[in-house]
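According to this note's numbering, numbering within the sequence shown proceeds without interruption in unit steps and concludes at 206. Encoded as structure tokens, the structure appears first; notes follow it.
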Amino acid sequence: MYSFRLLLCAFLSILFLNPSHALEGNKNHNFDIVIVGGTPGGIAAAISAGRLGSRVALVERFDHIGGMTTSGLGKSDIEHREMIQGLFKEFVEGVRQHYLTTYGENSGEYELCKDGYYYEPSVAEKVFMEMVEEVDPIDLFTGYRLISVSTEDNAPKSIVIEDIFSGERKELGGRIFIDATYEGDLFAMAGADFRLGREGREVFGE
């Protein structure tokens with residue numbers, strides 16, 4: 001089995017961008033961490049790494065970030081909210097503050113947001129974008145799809161991404177690569193072993 005330096009992110013909670021990729025400051029395209037997938041897990045990884053000082057590239061194939069959370073999944077099924085901490089807590093508070101500031105504490109909209117755990121997709125995206133924009137070391141590439149992965153000694157060294165609108169291509173180099181897509185696009189393209197569907201009982205004796 002190949003020992004690729006790939007981290008598959010999961011995040012249990014889970015400003016619209018134009019195709020010009022608004023956050024792109026590192027012109028040489030060499031990064032400490034390259035994250036493929038602007039899902040909540042990818043966003044969380046980018047923010048965490050960026051806050052620790054790493055230069056981060058966050059690549060999303062569509063022209064907006066947030067995955068299912070900003071595409072219609074507007075409810076967080078969390079029963080024990082006292083356990084919620086970290087970045088998801090920041091996200092929830094951002095949602096709550098949006099409805100409080102926009103509509104007021106006595107409004108129906110504020111009541112329906114359930115302290116930030118229920119939200120409209122556009123509001124979730126706005127909050128995610130605000131969180132990303134607060135971290136300078138993050139370069140955000142929206143509207144770019146993954147084309148290829150270059151490896152050396154069984155480890156990714158760079159990826160090529162393509163603008164879905166113009167066809168322009170960029171090569172992004174990195175020391176660490178994180179696959180935060182829902183389907184594992186990066187590690188599959190890198191040649192890592194993977195399985196589709198459920199494994200049989202005989203594989204793990206279950």
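For every residue, glycine included, the Cβ atom is placed at its ideal position computed from N, Cα and C.
Exercise. Name the DSSP bridge partner or partners of Glu60?
Worked result: Locating residue 60 in the sequence shown gives position 60, counting from the first residue. Thr142.
Problem set entry | Distance CB(Ile159)-CB(Leu140) smaller than 9 Å | Walking along the sequence shown from the start, residue 159 turns up at place 159. Walking along the sequence shown from the start, residue 140 turns up at place 140. Their beta carbons are not under 9 Å apart, which means Ile159 does not touch Leu140 by this criterion.
For this session: Could you tell me how far apart the beta carbons of Ile65 and Met129 are, in whole angstroms, since I believe they sit closer than 8 Å?
Result: In the sequence shown, the residue the question calls residue 65 occupies position 65. In the sequence shown, the residue the question calls residue 129 occupies position 129. Ile65 to Met129, Cβ: 7 Å. Contact.
For this session: Report the residue ranges of all beta strand (DSSP E) runs contained in full by the region 104-187; include only those spanning at least 3 residues, in chain order.
Result: 138-142, 144-152, 155-163, 169-179
Problem set entry | Per-residue burial, Gly191 [other beta carbons within 10 Å of its own, 16 or more giving buried] | Numbered from 1 along the sequence shown, position 191 holds the residue referred to as residue 191. So Gly191 counts as exposed.
Problem set entry | Extent of the continuous beta strand (DSSP E) to which Ile35 belongs | As a working mapping, residue 35 is identified with position 35 in the sequence shown. It spans 30-36 - the beta strand (DSSP E) in which Ile35 sits, taken as one unbroken run.
Problem set entry | Contacts around Leu23, its chain only, beta-carbon distance under 8 Å, and the 5 residues preceding and following it disregarded | For this step, residue 23 is matched to residue 23 along the sequence shown. Unreliable placement is indicated for Leu23, whose pLDDT of 45 sits below 50; the coordinate value is still reported in the next sentence. Only Val132, Glu133, Ile138, Asp139, Leu140 meet the Cβ criterion.
Problem set entry | Beta-carbon proximity of Asn30 to Leu172, cut-off 9 Å | The sequence position of residue 30 within the sequence shown is 30, counting from 1. The sequence position of residue 172 within the sequence shown is 172, counting from 1. In this structure, Leu172 lies closer than 9 Å to Asn30 by Cβ.
Exercise. Residue range of the alpha helix (DSSP H) that Arg201 falls in?
Worked result: Here residue 201 refers to the residue found at position 201 when the sequence shown is read from its first residue. It spans 201-204 - the alpha helix (DSSP H) in which Arg201 sits, taken as one unbroken run.
Exercise. Any contact of the region 88-108 with the region 162-170, i.e. 3+ C-beta pairs under 8 Å?
Worked result: no
Exercise. Using the C-alpha atoms, what's the distance from Asp32 back to Val123?
Worked result: Here the question's residue 123 lines up with position 123 in the sequence shown. Here the question's residue 32 lines up with position 32 in the sequence shown. Roughly 30 Å between the two C-alpha positions.
Problem set entry | Where the alpha helix (DSSP H) containing Ile43 begins and where it ends | Taking the first residue of the sequence shown as position 1, residue 43 is located at position 43. Taken as a continuous stretch (DSSP letters only), the alpha helix (DSSP H) holding Ile43 covers 40-51.
Exercise. Leaving out five residues before and five after Val135 in sequence, what residues of the same chain have Cβ atoms less than 7 Å from its Cβ?
Worked result: Residue numbering aside, residue 135 sits at position 135 when the sequence shown is read from its first letter. These residues qualify, in order along the chain: Ile47, Gly50, Arg51.
For this session: May I ask you to list the residues that DSSP assigns as paired with Lys75?
Result: On the sequence shown, residue 75 is found 75 positions in, with the first residue counted as 1. Looking at the DSSP assignment, Lys75 forms a beta bridge with Tyr118.
For this session: Report yes if the C-beta distance between Gly116 and Val92 is below 9 Å; otherwise report no.
Result: Indexing the sequence shown from 1 puts residue 116 at position 116. Indexing the sequence shown from 1 puts residue 92 at position 92. Result yes, Cβ atoms of Gly116 and Val92 sit closer than 9 Å.
Exercise. For Glu125, does the count of other Cβ atoms within 10 angstroms reach 16, so buried, or fall short, so exposed?
Worked result: As a first step, residue 125 must be located in the sequence shown, where it is residue number 125. By the 10 Å Cβ count, Glu125 comes out buried.
For this session: Determine the direct distance from the alpha carbon of Val95 to that of Gly108, and round the result to whole angstroms.
Result: Locating residue 108 in the sequence shown gives position 108, where the first residue counts as 1. Locating residue 95 in the sequence shown gives position 95, where the first residue counts as 1. Distance between the alpha carbons of Gly108 and Val95: 15 Å.
Exercise. When the Cα of Asn154 is compared with those of Asp193, Tyr182, Thr39, which residue comes out closest?
Worked result: What you label residue 154 is simply residue 154 of the sequence shown in a count that begins at 1. When only C-alpha atoms are compared, the closest one is Asp193.
For this session: Quick one: grab the DSSP three-state call for Phe194.
Result: Within the sequence shown, numbered from 1, the residue matching residue 194 stands at position 194. Reduced to three states, the DSSP call for Phe194 is coil.
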